[in-house]
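What follows is a set of notes on a single structure, which appears directly below.
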Amino acid sequence: MLAILKAGGAMVPLDPAHPAERKSFVVQNIAADVVLASEAQADLLGYLGVQVVVVNAGLFHTLDDVGICRFSSLDDRPHHAATVLFTSGSTGTPKGVVQEHRTLCSAAFAHADGMEMSSRSRILQFSSHVFDVSIIEIVNALVLGACLCVPSDEERTNDLAGFISRSRADWAYFTPSFARTLEPADVPSLKTICMGGEAMTPDNVQLWAGSVSLINAYGPCEGSVCTVANLGRGQAETDSIGRGLNTLVWIVDPENHDRLLPIGSIGEILIEGPSVAREYLGDEQRTNMSFINPEWAVEFNNGEPARRMYKTGDLGKFNRDGSISYLGRKDLQIKLRGQRVEPGEIEHHLNGLLPSGSRAVVDAVTLPGSNSKSLAAFVEFGGGRGGAESEAEFGHLADQLRARLSIILPAYMVPSSFMPMDSIPLGPTGKLDRGRLREYASKLTAPPEVPSSQGETVQDGNALRAHETVALSISNKVADLLSAGDHRRHASLQGSDFNPFHAGMDSIQVISLSTFVRKTFGVSLPIQKYMNSSATIRDIARWIVDDRRVSEDEAGAVDLLQEIEKYDEPLAALPLPTAENRKQDTPRIIMLTGATGFLGNQLLAQLLQRGTVRKVIALVRGEHPAHAAERLLTLARGSSWWREAYANRIEVWHGDLALPRLGLREAQWTRLTGSSVDTEPVDAVIHNGAVVNWMADYPALTAANIMSTVNLLTALTEAAAASRPVRLAYVSGGHLSTLPDDTQAIARELKTYPAYSQTKFVAEVLVSRYAERTFEAGHGRLVSIIKPGLILGSSSDGVSNTDDFLWRVTASALDVGLFNDDESDEWMAAAGVDLVAGIVLDGCFDGRPDEDPHHQRHHTTRKILAGLTMSDYWSIVAEETGRVARPTETGAWLRSVGADVQREGPSHRLWPVMHFLDDKRGKLGQPLGAMTARDRVEHQDSVRRALRASLRYLVAIGYIKSSRPSSVDGNSVSDVELAVPRPVLFSRTPTTPTWNHELHSNRLGYKDGSGLKSDGSLVVRPLRTPSPL
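Position 238 of the sequence shown, counting from 1, maps to 238 under the UniProt record's numbering, and the rest follow consecutively.
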């Protein structure tokens, strides 16, 4: 941060916890050329498409060597931009608030006097760097010569009170909500607490009065933080925000800012002075709307033009003593726990995810039994279907919406509750009546809840028994947190076993519960455990008692056989007339799911390289059809296989695997079912898309991994019934079982496996049964099922998926210098992505992928077991990286890696999958005896070429460190050059690449000739000139 400011640049922070799409937007919006990142984050930012400089000790040694630290040529002026902080925007686009150097300096000295900061202060750096309060904490501390106390991520989340005591921090800034999670006795070193970001309540004053000097701070991001403050030791009035601090404050008519209001009148707060921001970056329209020069100000300024003022959108009034009272917002903007939220931004994304004809309204509501506001989404279905939706169906939809929004928006902007409605209420003038929505929410007889996976709501929870002392203690604490003084709600929760996540426990309450557990039982559980979508009070109690990771049996095993029957029964009931078994024509129009993924990109390439394929229809997720097309084309055009002539053979369907009917429009769905009379039907479907998440539970993956397959099989059954049978190549995944194709045996084997493997297995069996039905009905052999092992990079360029479990383990093993020798003779099924894609297409076009002799009568199932022994694998790793890991036994290997993971914490590559490595006992392979002679020799040369190419690529991008210079594309790459990784092309972390700027909308369509068809699909035309990424 200091380097950027001293170099005359503007510092723009990115929150690692924010979705990749939001980080990509920020980087594109500011046209950044360089991102500075820690070693822990650098590997995760390759998708941004800019140079990532790793800030570590090695970088500073390099700078010293070249003498780069010179400032003589800098022309840094007070009016130059210092920071850009992005806040929520009502149009769906975040706003970049530009603050200048002079603003930061002026504010720092004003804060020193008004907020009791000095050179003797020990200031806690608690706020996220993307939150404007972090500027106060960091810049003010350095300007004043104070001590800045920075906790680790673990301390910040699980032991903040302990860190405050150990660091002797005496000054802190908290939101009132968070301040309630601390006890004064636990933080005796604190002398001053500023509270801001939301309205302070009397219980805050009651808790902290007499213990600290309490400051009620106020100020929007556009006012350089804390523009006014109410000072005093335990004497703050909760509705008073004091007097101006480094600003002049004005109250104007909320509907006319050219009309000043008298003392005591309620109006909009305007702020004037050196603390006011410069602008919204690159947004002149919104800047002019919010930053004004009112005519009346001239008479108060001796005839000189007044300084610009910022319209805060907050309502307030002047009191007789000159102080100001804050009375809420005049518009729809919400402040929740210190975070600014524009409901319009959430609604923009949410409405893009809902089925056609539906809409949603988002507002802050106070639910029964709560004294604080939370975000709620009111969902109206097209055709008045709200009341017809069953509770279970709507709960399932709510889970899907919550999951999709969490990929796009920060966690604090995802609604905590979803409410179905027959119709959204309107006022007399036809405008939305938000007051009635809030009234509806406040009068619910019970809080809106999503049913748990066991079908129980909070009210249905089982009573805990007297001997379950730990569970009773947890139940009582959670009841205290959720009831907020409502005795009836407290009584319904106390002593019950229920799911806190579905009962509405938010992140602030989770921190309180975590603190309670640590103090009461001496156990620190990961925060994610408390937020587990299937964990109940009893589960949490077991984890505390065992003080270890939950066992598979305790996690609640899913009956996979029952799940298969549940989904297959309605599929089998669909009408399927008998047809004459006839030879299938070569498919010419192919629908592909998962086209933006690692394997999907290669499938798209090989489809387009086949001259017989006339059109590839790609199902792609996006905010709107044009955005979906941008996602696909940007990735394709950045690949080595791309030719611009391919563009006119691609058609993008905007959809989502997790939505009903895949989120397709009616015209697209009828084309898939073969019932369209205006367009050519689809000849074949390659279902490659899925949500790959080894930590998610079964319910969280059901929509994308199972329901998408059910939707496709429904459509294809209708197509077969219409005498237009469609071929299907299904790409399975997860655990590669070596058992015979015995559904019951495999289901028993998968009982303890991650939910991803379970959902892919259920979907695979559904496809197999569909294949049998269509074959027996005389429609021919339409189906092939392909199940790959581990997927390496291609044998040509080695581009690999850096999120894959294999590469995480390999890089970690090299870091500790050890590998698991107990599996040296075992087999690792692995093949290059180009080989796997070829086998999938063979199955799609020929029905027998790669001439597999094990095809069944009605379909072909191909397990890709080509690979190599683990001893050969580690030998090749050593040859390509120059780093030799020593063999050791399983226990020592796991202990060594586990210690490294604990040392580095959440930033470690294995942190999110360590439990999976433990489950596999540190193994990447499986017993050789399960392999046939053909498996051991098949594609040997191709596998080894792909492995070597993959390792060279991973060394080149800096993912795996090499002990010697490497060669990529014929060029030598030194270790120093690898400190700045090359862009990572593939990662399962959802990302938004840097879009091709040739694809801008205009009145007629798009600059490249693309355009929307009547059915909502987007036809892609080639660019006139090649456009580099």
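Ideal Cβ positions, reconstructed from N, Cα and C, are used throughout, including at glycine.
Roughly how many angstroms lie between the CA atoms of Ala388 and Lys566, to the nearest whole one? Low confidence applies to Ala388: its pLDDT is 39, below 50, so where it sits in the model is not reliable, and the reading given next is rough at best. So the two alpha carbons sit approximately 21 Å from each other.
Just how far apart, CA to CA, sit Ser875 and Ser796? CA-to-CA, the gap between Ser875 and Ser796 works out to about 21 Å.
I'd like to know if the region 807 to 821 and the region 748 to 761 are in contact, where contact means that at least 3 CB-CB pairs between them fall below 8 Å. Counting Cβ pairs under 8 Å, fewer than three are found: no touch.
Please classify Asp258: does DSSP put it in a helix, a strand, or coil? Reduced to three states, the DSSP call for Asp258 is strand.
Once you ignore the five residues that flank Asp821 on each side, which residues in its own chain have a CB closer than 7 Å to its CB? Within the same chain, Asp821 has close Cβ partners Pro887, Thr888, Glu889.
Applying the 10 Å Cβ sphere with the 16-neighbour rule, what's the burial state of Ala180? Sequence check: residue 180 is Arg here, not Ala. Buried, because 16 or more other Cβ atoms sit within 10 Å of the Cβ of Arg180.
Taking just the CA atoms, how far does Val130 sit from Val458? Its pLDDT being 43, under 50, Val458 is placed unreliably by the model, and the measurement read from it follows with that caveat. Their Cα atoms are separated by approximately 36 Å.
Within a Cβ cutoff of 7 Å, which residues of the same chain sit near Gly622, ignoring the five residues on either side of it in sequence? Same-chain partners within the cutoff: Ala628, Arg631, His654.
Using the Cα positions of Thr774 and Glu718, report the straight-line distance between them to the nearest angstrom. About 11 Å.
Using CA atoms only, rank isn't needed, just tell me which of Arg402, His79, Lys330 is closest to Glu347. Answer by Cα proximity: Arg402.
Can you check whether the CB of Asp314 is closer than 7 Å to the CB of Ile269? Cβ distance < 7 Å, so Ile269 and Asp314 count as in contact.
CB of Ile424 within 7 Å of CB of Val361, strictly: Going by beta carbons, Ile424 and Val361 fall inside the 7 Å limit.
Would you mind reading off the limits of the alpha helix (DSSP H) that contains Pro699? Its alpha helix (DSSP H) spans residues 698 to 702.
May I ask you to report which of helix, strand or coil DSSP gives Trp641? Looking at Trp641 - three-state DSSP - the assignment turns out to be coil, as it is neither helix nor strand.
Give the single residue among Ala209, Ala172, Leu207 whose Cα lies nearest to the Cα of Gly196. For Gly196, the closest of Ala209, Ala172, Leu207 by C-alpha to C-alpha distance is Ala172.
Can you round the beta-carbon distance between His779 and Ala573 to whole angstroms, since I take them to be within the 8 Å contact cut? For His779 against Ala573, the beta-carbon gap comes to about 17 Å, at or over 8 Å, which does not count as contact.
Can you have a look at residue 1036 and say buried or exposed, based on whether 16 or more other CB atoms are within 10 angstroms of its CB? The structure shown has nothing for residue 1036, since the chain only spans 1 to 1029.
Quick one: what does DSSP say Tyr567 is sitting in, helix, strand or coil? Helix at Tyr567.
Residue ranges of each alpha helix (DSSP H) within the region 717 to 777, 4 or longer: Listed in chain order, they are 743 to 749, 755 to 776.
Smallest Cα separation from Tyr310: which of Val765, Val53, Pro274? Ranking the options by Cα distance to Tyr310, first place goes to Pro274.
In chain order, what residues of the same chain have a beta carbon less than 6 Å from the beta carbon of Leu332, not counting five sequence neighbours either side? Within the same chain, Cβ atoms closer than 6 Å to the Cβ of Leu332 are found at Pro343, the five residues on either side in sequence being excluded.
Within the continuous alpha helix (DSSP H) that includes Pro343, where are the two ends? Note, Pro343: alpha helix (DSSP H), 343 to 353.
Tell me whether the region 24 to 37 and the region 149 to 166 touch, counting them as touching only if at least three CB pairs, one residue from each stretch, are closer than 8 Å. The region 24 to 37 is not in contact with the region 149 to 166.
By Cβ distance below 6 Å, which residues in the same chain neighbour Gln606 in space, the five residues on each side in sequence not counted? For Gln606, where only same-chain residues beyond five positions count, the Cβ hits under 6 Å are Ala837, Leu841.
Quick one: residues in its chain with C-beta nearer than 8 Å to the C-beta of Glu764, no 5 flanking neighbours on either side, listed in chain order? Tyr730, Ser732, Ile785, Lys787, listed in sequence order.
Per DSSP, which one or two residues make a beta bridge with Ala829? Note: Ala829 is bridge-paired with Gly867 in the DSSP secondary-structure output.
Separation of Val685 from Asp43, as counted between CA atoms: If you draw a straight line from the Cα of Asp43 to the Cα of Val685, it is about 34 Å long.
Kindly give me the distance between the Cβ atoms of Ala892 and His939, rounded to whole angstroms, as I take these residues to be in contact under 8 Å. Incorrect: roughly 34 Å between the Cβ atoms, too far for contact.
Given a cut-off of 7 Å, decide if Val616 and Leu599 are closer than it, judged by their beta-carbon atoms. For Leu599 and Val616, no; Cβs fall outside 7 Å.
In angstroms, rounded to a whole number, what distance separates the CA positions of Glu345 and Gly328? Going from the Cα of Glu345 to the Cα of Gly328 covers about 20 Å.
What did DSSP end up calling Gln51 once you bin it into helix, strand or coil? Annotated three-state conformation of Gln51 is strand, per DSSP.
If you count every other CB in all the chains shown that lies within 10 Å of the CB of Ser640, and 16 or more means buried, which is it? Ser640 should be labelled exposed.
Please go through the region 260 to 318 and give each complete alpha helix (DSSP H) segment of 4 or more residues, from N-terminal end onward. Taken in chain order, the complete alpha helix (DSSP H) segments of 4 residues or longer contained in the region 260 to 318 are 284 to 290.
To which residues does DSSP link His687 through a beta bridge? Paired residues: Thr593, Tyr730.
Report all residues from its chain with a CB closer than 7 Å to the CB of Gly798; omit the five preceding and five following residues, and keep chain order. Excluding sequence neighbours, Gly798 sits near Ala949, Ser950, Arg952, Tyr953.
So, helix, strand or coil for Asn820, using DSSP? If DSSP states are grouped into helix, strand and coil, Asn820 belongs with the strands.
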